[in-house]
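Here the structure comes first, spelled out in structure tokens, and everything after it is commentary.
Numbering (this note's numbering), first residue to last: -15 to 261.
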């Protein structure tokens, strides 16, 4: 299942996808939401560009109770000097709906042991090489929607076909944020209202009809610079029961000026004075 950035505009080489290559963007945070009747354990994994995204740092958010949310999870201090481009969220059910026994439950209930991995990427096709390049989601969001919180609903689904979402299910989803936001052209209102918590959707061949840049797989996604991402198409019902909200902004101009001034001062102090004749 090739997942290609086909929705990029003709001038994408001058748009946010092309320019969002700064993987040192650090003015960012993530908020995790749990809309299920089950306690969930969240981990935010930060990745670089190697091999389709190698995990270089992790933030174990921990258990979030049913109907709860995390605080603002900023990039850990220990990771701020690393090359951080994208995010893979890992979520695991650590309880049953309504308590230890769980009762009968409904089709949108999540049972202990179910796991979900969701990749957030910005995929850009370099017109000079024809190769796909992974850019920085934080830089892209800062350029396109700087200073605003953008929710990305997480759809869970029954991969095993046994009638419920439980330990037999490990789900995979991918947001190509550039394609999903149409190169940042979509309004904040449109993004925030596109999906609602608890919404059920039909997924066919790994896609939701009419929605670009969102893909669902029953196996882990793999990346190839010639073809983009590939996975194993899921078809069936999906339930939007968790949410990852991203915030990112560019440094304030004053901060940039201060940084530049400090750099110039530092360079000046290192100059070797010539002896007077």
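Each residue gets a CB set at the ideal place from its N, CA and C atoms; glycine is no exception.
Residues in the same chain with beta-carbon distance under 6 Å from residue i, minus the five sequence neighbours each way, listed in chain order, please.
i	result
residue 233	11, 126, 130, 131
residue 207	36, 213
residue 239	Unreliable positioning characterises residue 239 in this predicted model, as indicated by a pLDDT of 48, which lies under 50. A coordinate reading is not provided.
residue 49	23
Express the C-alpha separation of residue j and residue i in angstroms, rounding to a whole number.
i	j	result
residue 63	residue 180	32 Å
residue 27	residue 97	15 Å
residue 114	residue 210	7 Å
residue 258	residue 6	Per-residue confidence for residue 258 stands at a pLDDT of 37, beneath the threshold of 50, marking its modelled position as unreliable; no derived number is given.
residue 112	residue 18	42 Å
residue 20	residue 93	7 Å
residue 173	residue 135	11 Å
residue 117	residue 47	34 Å
residue 154	residue 203	8 Å
residue 229	residue 55	11 Å
residue 32	residue 70	7 Å
residue 40	residue 178	31 Å
residue 219	residue 139	13 Å
residue 194	residue 166	12 Å
residue 51	residue 236	35 Å
residue 24	residue 192	25 Å
residue 189	residue 145	15 Å
residue 91	residue 137	18 Å
residue 297	residue 60	Outside the displayed range of the chain (-15 to 261) lies residue 297, so it cannot be described from this structure.
residue 170	residue 72	23 Å
residue 99	residue 14	19 Å
residue 160	residue 68	16 Å
Here's a check: name, in chain order, each residue in its chain whose Cβ is nearer than 7 Å to the Cβ of residue i, leaving out the five neighbours to either side.
i	result
residue 9	120, 122, 123, 126, 232
residue 164	196, 197, 198
residue 3	127
residue 143	153, 154, 155, 202, 218
residue 38	31, 32
Give me, in chain order, the residues of the same chain whose beta-carbon lies closer than 8 Å to that of residue i; leave out the 5 immediate sequence neighbours on both sides.
i	result
residue 95	22, 77, 80, 81, 86, 89, 148, 149, 150, 151
residue 262	A query on residue 262 cannot be resolved here, the shown segment of the chain reaching from -15 to 261 and no further.
residue 205	-13, 36, 103, 156, 158, 199, 213, 214, 215
residue 66	30, 32, 40, 41
residue 141	149, 153, 155, 187, 200, 218, 220, 221, 222, 223
residue 176	134, 135
Which of the three DSSP states, helix, strand or coil, is assigned to residue i?
i	result
residue 80	coil
residue 36	helix
residue 171	coil
residue 11	coil
residue 163	helix
residue 94	strand
residue 23	coil
residue 30	strand
residue 240	With a pLDDT of only 45 at residue 240, under 50, the local geometry of the prediction cannot be trusted, and the value read off the model is given with reservation. Residue 240: helix per DSSP, three-state reduction.
residue 151	coil
residue 59	coil
residue 205	coil
residue 192	coil
residue 3	helix
residue 50	coil
residue 218	coil
residue 286	Here the chain has residues from -15 to 261 only, and residue 286 is not among them.
residue 127	helix
For the putative contact between residue i and residue j, defined by C-beta atoms under 8 Å, what is the C-beta separation to the nearest angstrom?
i	j	result
residue 158	residue 108	Contact doesn't hold; Cβ gap of about 15 Å is too wide.
residue 105	residue 53	So it is not a contact: roughly 24 Å between Cβ atoms.
residue 74	residue 43	Incorrect: roughly 11 Å between the Cβ atoms, too far for contact.
residue 45	residue 34	So it is not a contact: roughly 24 Å between Cβ atoms.
At a cut-off of 7 Å, is residue i close to the ligand FAD when judged by its beta-carbon and the heavy atoms of the ligand?
i	result
residue 44	Of ligands this structure carries none, so the ligand FAD is not represented either.
> Does the stretch 215 to 233 come close enough to the stretch 178 to 193 to have 3 or more Cβ pairs within less than 8 Å?
Replying inline: With the cut-off at 8 Å, the stretch 215 to 233 and the stretch 178 to 193 touch.
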